[in-house]
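In this note's numbering, the protein residues as written are -4 to 289.
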């Protein structure tokens, strides 16, 4: 299996609250000739965060085909910030530059000019609200969800309705709408990753059974869930491609769920020193992933 890595690869051997040092992580981009291949025969991998090699580089999200958003902590004594990476021109930009902590960036429905993210005020690290702002004017933020509880992760379901991972008391998934004062919880002990497909179903990981974490889908209209498969041991992150096929990472391997609910290996990156891959994001034939160094 031919792999063409950047030279930097040869050298490679939870919830965010306030200003504290987070564990180091590394952000990469993998380009495949086609994600639909099985396995992936020819890929190129680039290391995006060598400039922050000992820092926190996590939560990738594609704003468009050439722009990747991520959460970074470049100074262990400062809060997390939202960065954008221009993959075409190989440049980066700090979008937030504030005393507050920002994380979990996402594109809002309806365009790429606005982003959403979780904001933790510098003067009250017990608060985690969901906000939105123009991409390059983060200081002009507005609240999407305020005083709805401690929002850790989220997805926009439609309009002002969001799926939220809430940390209040116990970890739960719920539907939240600020404009209608609406909140309905539907799952306990979820994984930190969840997605919304084109049919409006919510895909999430149920961690209720310690030995077997289950990938499930939930229909907000019928309020029913069904099991799609079992996650690889210790894996709670996954992503959808444009055709809504489901991918995840297990140790150094990238996997895809087949029609029988089983995971097929697409590539093993452990020989390049990437042995603890977790968060992933997909756009076209690009896959962004986070590795936790040994």
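Glycine is no exception: its CB is placed at the ideal position from the N, C-alpha and C atoms.
Asked, Found
"Start and end of the beta strand (DSSP E) containing residue 211?", "209 to 214"
"Label residue 56 either buried or exposed according to how many other C-beta atoms from any shown protein chain fall within 10 Å of its C-beta, with 16 as the threshold for buried.", "buried"
"Is the region 108 to 128 touching the region 26 to 41 in the sense that three or more CB pairs, one from each, lie closer than 8 Å?", "no"
"Quickly, what does DSSP pair residue 300 with across the bridge? List them, please.", "Outside the displayed range of the chain (-4 to 289) lies residue 300, so it cannot be described from this structure."
"Is the CB-CB distance between residue 95 and residue 71 below 8 Å?", "no"
"Consult DSSP for residue 131 and reduce its assignment to one of helix, strand or coil.", "coil"
"Assign residue 149 to buried or exposed, taking buried as 16 or more other Cβ atoms, counted over all protein chains shown, within 10 Å of its Cβ.", "buried"
"To which residues does DSSP link residue 276 through a beta bridge?", "283"
"Please return the same chain residues whose Cβ sits closer than 7 Å to the Cβ of residue 98, not counting the five positions on each side in sequence.", "11, 54, 66, 75, 112, 113"
"Can the beta-carbon of residue 196 be found closer than 8 Å to that of residue 212?", "yes"
"Hey, how far is the Cα of residue 237 from the Cα of residue 278?", "7 Å"
"From the DSSP output, which residues share a beta bridge with residue 151?", "157"
"Closer than 6 Å by C-beta to residue 208: which residues in its own chain qualify, once you throw out the five before and the five after it? Chain order, please.", "200, 202, 226"
"To the nearest angstrom, how far is the alpha carbon of residue 163 from that of residue 146?", "9 Å"
"Under the DSSP definition of a beta bridge, which residues are partnered with residue 224?", "210"
"Take the Cβ of residue 177 as the centre, count every other Cβ of all protein chains shown within 10 Å, and call the residue buried at 16 or more, exposed below.", "exposed"
"How would you label residue 135, buried or exposed, when you count the other beta carbons within 10 angstroms and need 16 or more for buried?", "exposed"
"Does the Cβ-Cβ distance between residue 263 and residue 273 come in under 8 Å?", "no"
"Nearest to residue 22 by alpha carbon, out of 45, 29, 77, 268?", "45"
"Is residue 82 closer than 8 Å to residue 62 when the C-beta atoms are compared?", "yes"
"How would you write the range of the beta strand (DSSP E) that residue 199 sits in, first residue to last?", "197 to 201"
"Please specify which runs of the beta strand (DSSP E), each continuous and at least 3 residues long, are wholly inside the region 27 to 94, giving them in chain order.", "38 to 42, 51 to 59, 62 to 68, 76 to 81, 86 to 89"
"Let me confirm a value: residue 137 is counted as buried when at least 16 other C-beta atoms fall within 10 Å, else exposed. Which label applies?", "exposed"
"Can you tell me which of 151, 132, 131, 210 puts its alpha carbon nearest to the alpha carbon of residue 140?", "151"
"My output table needs one value for residue 265: the three-state DSSP class, helix, strand or coil.", "helix"
"Specify the secondary structure class of residue 186 as computed by DSSP and reduced to three states.", "strand"
"For residue 218, count the other beta carbons within 10 Å of its own beta carbon; 16 or more makes it buried, fewer makes it exposed. Which is it?", "exposed"
"According to DSSP, is residue 111 part of a helix, a strand, or is it coil?", "strand"
"For residue 144, which residues of its own chain have a beta-carbon under 7 Å away from its beta-carbon, when the five flanking residues on both sides are left out?", "161, 163"
"By the 10 Å Cβ neighbour count, where 16 or more other Cβ atoms means buried, how is residue 18 classified, buried or exposed?", "exposed"
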